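Line by line, the protein sequences give chains C and F.
Letter by letter, the first sequence follows residues -5 to 341 of the working numbering.
Letter by letter, the second sequence follows residues -5 to 341 of the working numbering.
C-beta atoms are modelled at their ideal positions from N, C-alpha and C, and glycine is treated no differently.
Everything numeric in this text was worked out from a predicted model, so none of it was measured.
Some notes on the structure that comes next.
Number of protein chains: 2
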Amino acid sequence: MARVNSPRSPLSSGSPTLDEVARVAGVSRATASRAINGGQRVSARAQSAVDLAVAQLGYVPNPAARSLVTRRTDSIAVVVPEPDDRVFSDPFFAGTLRGVTRVLGERDIQLVLLLARPGASTARTLRYLTNRHVDGAYVVSHHRDDRLAEHIADLGLPCVFGGRPWTGGDRVAYVDVDNTAGEREATELLIARGCARIGTIAGPADMTAAEDRLAGWRQAMAAAGLPADAVEHGDFTELSGEVAARALMERHPDLDGLVVASDLMALGALRVLAEMGRRIPDDIAVVGYDDLGVAERTTPPLTTVRQPVDEMAERATRLLLERVDGVDGSHPVRLIIPPTIVRRASA
Amino acid sequence: MARVNSPRSPLSSGSPTLDEVARVAGVSRATASRAINGGQRVSARAQSAVDLAVAQLGYVPNPAARSLVTRRTDSIAVVVPEPDDRVFSDPFFAGTLRGVTRVLGERDIQLVLLLARPGASTARTLRYLTNRHVDGAYVVSHHRDDRLAEHIADLGLPCVFGGRPWTGGDRVAYVDVDNTAGEREATELLIARGCARIGTIAGPADMTAAEDRLAGWRQAMAAAGLPADAVEHGDFTELSGEVAARALMERHPDLDGLVVASDLMALGALRVLAEMGRRIPDDIAVVGYDDLGVAERTTPPLTTVRQPVDEMAERATRLLLERVDGVDGSHPVRLIIPPTIVRRASA
DNA sequence: GACGGAAGTGGAAGCGCTCTCACACCACGT
DNA sequence: ACGTGGTGTGAGAGCGCTTCCACTTCCGTC
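This is the structure in structure tokens:
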């Protein structure tokens, strides 16, 4: 970091400013600015003079100065209100990030990751969003108690939710898969193959996706006239799947079908069932949810409900960018993506 | 967070500015600023007046304006020069992000994720870093051709590398595990258990971590007087592990030991070996590298070399923050963490 | 009682950029 | 000859903040 200690010319200190570019190009600061930003109303002569000066000086606009006046930051936040550990091990998150970056890559927009452990730092996240550090926010995975959707709606910050928020769903845009339909179909698959005693491992009761899937299971069970009493809750992690499966099999040893709300939990359940000597799918058929890479690698490979997470994230991001750009500002759009059953060996 | 809709005074348009806070508090803008930033040289009376005004107006400082003058952005970048897809499925990355966020959570610093597909967008990444969008950068995983280390060193931007960079390693700080020692020890373990014909699946030849591990394997082989000819390269993914294992076993069917440069690749190799009917570790012993969750779940569980990724990321981040804060600015620190062998069933 | 120093304060000068506005200039009409 | 409209340009006014500097108190000291 060799500080410039040469006899510095009056105005040039660190990196070159627009002023210097203008001076070198022999135009005014205003013209230089125009030339740099798309070149509307700039003569070819001025344009090339500025281009040259920019290249020569290695000029890069100061983003702070720019956004001070434009009120744009050219960055959006991905807000993840989850305890860090859980998030990163979940392929859902990876897929989401992949989808988002793919879209942002097309434009010169940066991604700011906002990890908000629920509760404690919600205020901090909100503060960050409040002072317009970013132009918009994509909020993935949300819990019942953080009234994030409402708070952000109050902020007036362009925002899209990944998955239906608990409250405020009528005020914000969101992209979701039809979780209820997905789990209903998964359950119907088990019913069709002859399962008569079907249990479920649901997700955390404070997440809409989990509740919706549970509702789907209930619907299918009710329609088939089967008892919907074998329910355990996990938290979408592998370990919680093990625990839930153990509890479930203890209470209902006669289960011949198991509907699990995530592949990771199903993975844990499969292990427990294998330990117990249950053959899959002959003794007990299992379906998961997600199909984000885990399902194809379990033993046996998992029949599951595919969530096109990448695609959801992409569409959500595009939606967000539209709103940031002011196209069709604020009315709450909903994008519900139909789920797909992927059949493998486990059911 | 109800919008203030009272008859707003002349100057208040969008969100409140420092000016308004000062006016409401009955002090000058300068005093208000001081009160808000730690309150040096501010009387208790003024301080509380400002605090009150801030609360009353719901004032949040404009970060752009602030960083325009302070030349600080209170955010750091995590630069990942990898094709997106590979990164997100790798637990190495998850661990890194976890470590970083843990440290950043202690202070009010944000994380900006810079995904730079190598080649194409390196220039863009560099541009982003050049104009001081962030106060510092943590660069993880780098390839031979992107002379990122040198470029960033030229920039004079505070920076820490995760893993030894190919070039410029003498000019930047980095945190690394002793890959050579790790793989050497892993190989020695196989030798000690009696393996006489040991192959290796190395990582991509353009990554230092991969090359260092390969060197470790070579060292151990040479020391034991064993031939170091059974080498295949993968790209750290599961699939590439399968391919490499297949090629390796075809060329050298007599292998009784396999040293794999990542657990993910080892996972693929295990599958291939199982398909071929090889018993592990009796027919062929296998060691992996990473121990980031995958190794405990393979069949059989994988003996591997642990990289404490979280810890590395944490320490790297702290190191980075120190440099950002100007403590001990620029001389190239190196933090080499010793590896640990974790013994499980595969060797 | 004069005096040095610290503490608290406000005026004002920017930070580097965008963008409005007024102006000059050119080519067309009429 | 005179408008009329478009196009390119530069002066200058901010955007909201920090911070230097000069100033006023007010204290303890000799």
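In chain order, Ile278 place their CB closer than 7 angstroms to the CB of Arg272 of chain F, counting only its own chain and leaving out the 5 sequence neighbours on each side. DSSP places Phe87 of chain F inside the alpha helix (DSSP H), whose first and last residues are 85 to 100. For Val128 of chain F, the three-state secondary structure derived from DSSP is coil. Check the Cα spacing between Arg191 of chain F and each of F:Ser135, F:Asp148, F:Pro221: the tightest is with F:Pro221.
Put simply, the CB of Leu313 of chain C is far from chain F, with every gap to its CB atoms at 8 angstroms or more. By the Cβ neighbour-count rule, Gln104 of chain C is buried, with 16 or more other Cβ atoms within 10 Å of its own. For the region 118 to 129 of chain C, the set of residues with a beta-carbon nearer than 9 angstroms to any beta-carbon of chain F comprises Arg118, Leu120, Arg121, Tyr122, Thr124, Asn125, Arg126, His127, in chain order. Contact check for Thr194 of chain F and Val237 of chain F: beta-carbon distance about 15 angstroms, past the 8 angstroms limit, so the pair fails to qualify. According to the DSSP assignment, Ala203 of chain C belongs to the alpha helix (DSSP H) that extends over 202 to 217. In this structure, DSSP gives Val225 of chain C an extended state, which the three-state scheme calls strand.
The C-beta separation of Met270 of chain F from Met243 of chain F comes to about 6 angstroms, placing the pair in contact by the 8 angstroms criterion.
Between Pro326 of chain F and Ala167 of chain F, the beta carbon gap of about 5 angstroms places them in contact (Cβ cut-off 8 angstroms). Straight across, the Cα-Cα distance linking Gly287 of chain C with Leu98 of chain C is about 24 angstroms. Judged by DSSP in its simplified three-state form, His325 of chain C adopts coil rather than helix or strand. If you keep only unbroken beta strand (DSSP E) runs of at least 3 residues inside the region 221 to 278 of chain F, you get 225 to 227, 251 to 254.
Put simply, the CB of Ala58 of chain F is near chain C, with a gap under 8 angstroms to one of its CB atoms. Residue-level contact check: Thr95 of chain C touches chain F, since one or more beta carbons of chain F fall below 8 angstroms from its beta carbon. Fully enclosed beta strand (DSSP E) runs of no fewer than 3 residues occupy 104 to 109, 130 to 134, 153 to 156, 167 to 171 of the region 104 to 188 of chain C, in order along the chain.
Under the three-pair Cβ rule at 8 angstroms, the region 30 to 43 of chain F does not count as touching the region 135 to 148 of chain C. For Gly176 of chain C against Tyr283 of chain C, the beta-carbon gap comes to about 7 angstroms, under 8 angstroms, which counts as contact.
Annotation for Arg118 of chain C: Ala110 place their beta carbon closer than 8 angstroms to its own, counting only its chain and skipping 5 residues before and after.
For Thr25 of chain C, the enclosing alpha helix (DSSP H) has its first and last residue at 23 to 30. Around the beta carbon of Pro333 of chain F, a 10 Å sphere encloses 16 or more other beta carbons of the protein chains shown; the residue is thus reported as buried.
Listed as beta-bridge partners of Gly193 of chain F by DSSP are F:Leu252. Only exposed fits Gly52 of chain F, as fewer than 16 other CB atoms lie within 10 angstroms of its CB. The three-state reading of DSSP puts Ser37 of chain F in coil, since its state is none of H, G, I, E or B. Thr25 of chain F and His127 of chain F have their C-alpha atoms some 28 angstroms from each other.
By the 16-neighbour rule on beta-carbons within 10 angstroms, Asp129 of chain F is buried. Taking the CA atoms as reference points, His246 of chain C sits about 10 angstroms from Arg240 of chain C. Between the C-alpha atoms of Gly235 of chain C and Leu267 of chain C there is a straight-line separation of about 11 angstroms.
When C-alpha distances from Val21 of chain F are compared across F:Ala339, F:Pro10, F:Val36, the shortest belongs to F:Val36.
C-alpha of Arg138 of chain C to C-alpha of Ser69 of chain F: approximately 29 angstroms in a straight line. Taking 8 angstroms as the threshold, the shortest C-beta distance from Leu208 of chain C to chain F does not fall below it.
Around Val106 of chain F, the same chain offers Ser69, Ala71, Val128 as residues with beta carbons nearer than 6 angstroms, after the five sequence neighbours per side are excluded. Less than 8 angstroms separates the beta-carbon of Asp84 of chain C from that of Phe230 of chain C.
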